[in-house]
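In the numbering used here, the protein residues as written are 36 to 1102.
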């Protein structure tokens, strides 16, 4: 490479919504232009630093890591109006010291200096300047600002400060003035003339540059689109002349022909930057062994003690497996990791936090005996090698699931135990996905919302791990391709969307990832606050860059699982209400009631087993052992799903159990010879095709990630191996390979299925044996999701469990079980006080606390006297009355009509407590017993009650508006659930229901059309009234209308909907 110009000031898409280039594109462009090095200087962040470093190393070009910093006008700690002004400074890491100082600067800018932007200041530059080369940029530097104001004295003061801090030598200066070429920008050439002259007069070196925000000049509009998305600016993007593209060395030589030293300095600076980052070297957390034993001996001690704790006997099988695993763990040096995880889970168990472990770790006997996992790998025949084996280069991955309402406690414990400066959650990047990119571009280019929405809806949804791209959508969706080829506007939108697709949009907290380091995290990664403003500290490096392929910190998954919270709450309620102390980990796994319930398809509210398709499969399977549940958890996903029928037929003796190769019986005996788990494929490769564990690990990754090139290689290797090692014919080997195809991208590992299958069974056990308690816990957990609540209440009704409105005498914060005094009748569930809209937790707590202290409220007056909380006001009282929480005191209509008197009485009682004179004389009429007397008023009618319940609880409780039309709907219309399950595209349907929500849009022609949420007693569906239909029926297409609609069923835009032709009121 012989380029005389090197880019030292470039931005990638990690300058969020401000620059366009992906890292690969940036590096490839430098290589194409024969540059020996390239710098990355994103906007005061290091988000892309490790990806950039690894990409450059792989492509054999020198990486220079830097930042385009924001410098505070005063101090980084000053955050008033004047401090919106800030300057820019480019900083490049010359070596490891400089890189670590960049980490410190970026972290402090985000944690201490954030005010509109993350800002550094002079104070921390003085502290963390070593190993850095600084460049005052040609736009927005403080020196340029002084020169523009003709304040040469100030410019000199600023320059001298930089030169003192970034002191260097004449041969190796550490401070430069940036010169750029932008004749298209008014005044810029004059600014650069001043900078060059100032440099000469002060003997300050200049360096040529071109601030890069996109690769090609024609990508300017795409970058402007990103800026429009960032600013939420709806104004149409205008064409312009400013150019911030990746200029070529020839262009640079032309632009700076009169300043050869500026060009030369780009290569001199690049030659000096020789940063080497350790990639893939592990830095394990420090674990203090109080006994003084070594890490390996401590793990052995805990493991051996676990044999007794688990109620096992030390058999030769257990001892052999334990010794085998401990040796591999010792040889790999992973004992500290196991000890930390064991410690975390010990804390969880001691504090009643329900946990489970995901993934292949459940195949380890050591983790089972040390209390990390709860599944016996010997009982379930789980291979350890799937988790860890001598040939596997990657570190073990132990993913911990916790009850989601206790997850933060676990992270807080980790901080306390291992150091607040050594623990952080991992950052993750949200990117511009295909549909979102289309919608954003549509808005930025000034097209109506409906245009982008119609295009976006034609882009299919991707699968987990395999996101949909615009390019793929054009191949898979003929209608989209036709629009693209025939409509100019559509082509313009899609072409632009392709350019911004995949760009990082924001950083947020990873759902589970946490890192724990042996020394302060800023020795390894830059930190910042989560952008949601909840003061969670996160890493700027994502999951890939903090771990084994990056800076080498071990990742711990702390995933919050709602069903674990449900189970924990149900277990507590069982002890409180039934006096039964359950050990949920050891409930019998052969419970007849549980399997009978699953065979009946009663799966709503269960973990992993709900949903129409899964329910139908369970009803057909009729599970009898927990292994059946594990199989369903593993197979019920795209691809392997086809094996469900084969498994069922073999289980029930309708087909014989056969094995393609005799050796496969060793690991397929419990699944009747059917391939179910990813492990089955791996064991087949080992036992039949002669793979080693190291080879099978590559095989697993190829299958799991659908890597076509690698799969093609594995295909050949596998078929040859089956013939050579397994004695199979080529035809038979190909037949076996074909059985693997459905598992590509979707295979579930056996240990994971066993762990999740166990939790699924536990939820089913609780529902079958303690139905009201379990469903109450489900309702509380789902209380923020009205649609889910409606589904669960429907299930409760089917189960014969009454769900009652709130009651100040019986409700707690969340849903609770009301015990029936008659043991022959089922318990009921009552809504909690905090489920009421406009009703705060504070007043709910006051009511519950007073009831606990003084007993139930015997009358309205008693309630008003005893609740002294100032938040018992008009808004909260009205909410209590309308939802039925005060029905014990009188009819809702009566109480609402007397609401002013009720408020006045409560205030009067509160004033007595503070010895104030009555403020409400004459307003409140009282009885001789000083109780409130209410004026007669009309009773509330049922329809009003339902509307109030819907308004404040989100759904109807005491009835349903459609119940009076139930017979008519059953005879003259099809229910929505059946339509969604069975209707075909363009099929004519008639359905009755109620309009729950309406969204209106205006078409290109200015006509109004509406989208309805239309519901019946079984489900809800989108219904669309196009302009002509809306105009004809607009008087009845209003919220809460009970209608019969006739139309056609459609799945055109990826969802299920009814296109309305006619509508009629239900009468």
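Virtual Cβ for every residue (Gly too), placed ideally from N, Cα, C.
Every value quoted in this text rests on a predicted model; they were computed, and no experiment measured them.
Inter-residue Cα distance where the pair is residue i and residue j
| i | j | result |
| --- | --- | --- |
| residue 448 | residue 924 | 47 Å |
| residue 541 | residue 92 | 27 Å |
| residue 980 | residue 788 | 46 Å |
| residue 956 | residue 891 | Confidence at residue 956 is low in this model, with a pLDDT of 48, below 50, so its placement is unreliable and the value that follows should be read with caution. Taking the straight line from one Cα to the other gives about 29 Å. |
| residue 1084 | residue 247 | 50 Å |
| residue 526 | residue 509 | 11 Å |
| residue 301 | residue 389 | 58 Å |
| residue 847 | residue 418 | 47 Å |
| residue 762 | residue 731 | 19 Å |
| residue 991 | residue 341 | 52 Å |
| residue 361 | residue 355 | 10 Å |
| residue 577 | residue 464 | 7 Å |
| residue 1066 | residue 506 | 39 Å |
| residue 122 | residue 255 | 24 Å |
| residue 240 | residue 182 | 17 Å |
| residue 953 | residue 945 | Any answer about residue 953 is weak, because its pLDDT of 46 lies below 50 and its placement is not dependable; what the coordinates show is given next. Between residue 953 and residue 945, the C-alpha separation is close to 10 Å. |
| residue 161 | residue 225 | 32 Å |
| residue 1029 | residue 1074 | 8 Å |
| residue 880 | residue 524 | 57 Å |
| residue 258 | residue 45 | 14 Å |
Which listed residue (the options) has its alpha carbon closest to that of residue i
| i | options | result |
| --- | --- | --- |
| residue 337 | 724, 571, 403 and 288 | 403 |
| residue 102 | 574, 977, 119 and 129 | 129 |
| residue 99 | 125, 562 and 833 | 125 |
| residue 1165 | 538, 504, 502 and 490 | A question about residue 1165 goes unanswered here, because the residues of the chain that appear run from 36 up to 1102. |
| residue 120 | 149, 463, 1002 and 82 | 149 |
| residue 709 | 731, 698, 678 and 725 | 678 |
| residue 353 | 416, 1061 and 186 | 416 |
| residue 170 | 201, 1093 and 144 | 201 |
| residue 522 | 922, 548 and 486 | 486 |
| residue 747 | 473, 734 and 758 | 734 |
| residue 367 | 1049, 975 and 422 | 422 |
| residue 888 | 901, 895 and 878 | 901 |
Environment of residue i [buried if 16+ CB atoms lie within 10 Å]
| i | result |
| --- | --- |
| residue 687 | exposed |
| residue 808 | buried |
| residue 481 | exposed |
| residue 567 | exposed |
| residue 666 | buried |
| residue 173 | buried |
| residue 228 | exposed |
| residue 1036 | exposed |
| residue 290 | buried |
| residue 501 | exposed |
| residue 484 | exposed |
C-beta atoms of residue i and residue j nearer than 8 Å
| i | j | result |
| --- | --- | --- |
| residue 938 | residue 912 | yes |
| residue 1140 | residue 574 | Here the chain covers residues 36 to 1102 and nothing more, so residue 1140 does not appear. |
| residue 942 | residue 914 | no |
| residue 245 | residue 48 | no |
| residue 813 | residue 640 | yes |
| residue 8 | residue 40 | No statement about residue 8 is possible, as the shown extent of the chain runs from 36 to 1102 and does not include it. |
| residue 535 | residue 519 | no |
| residue 656 | residue 644 | no |
| residue 564 | residue 588 | no |
| residue 503 | residue 495 | yes |
| residue 250 | residue 72 | no |
| residue 1103 | residue 1068 | In the structure as shown, the chain starts at 36 and stops at 1102, and residue 1103 therefore has no counterpart that could be examined. |
| residue 649 | residue 638 | yes |
| residue 626 | residue 800 | yes |
Supposed close pair residue i, residue j - CB separation, criterion 8 Å
| i | j | result |
| --- | --- | --- |
| residue 786 | residue 397 | 4 Å |
| residue 68 | residue 38 | 6 Å |
| residue 593 | residue 437 | 6 Å |
| residue 716 | residue 782 | 7 Å |
| residue 1060 | residue 1072 | 6 Å |
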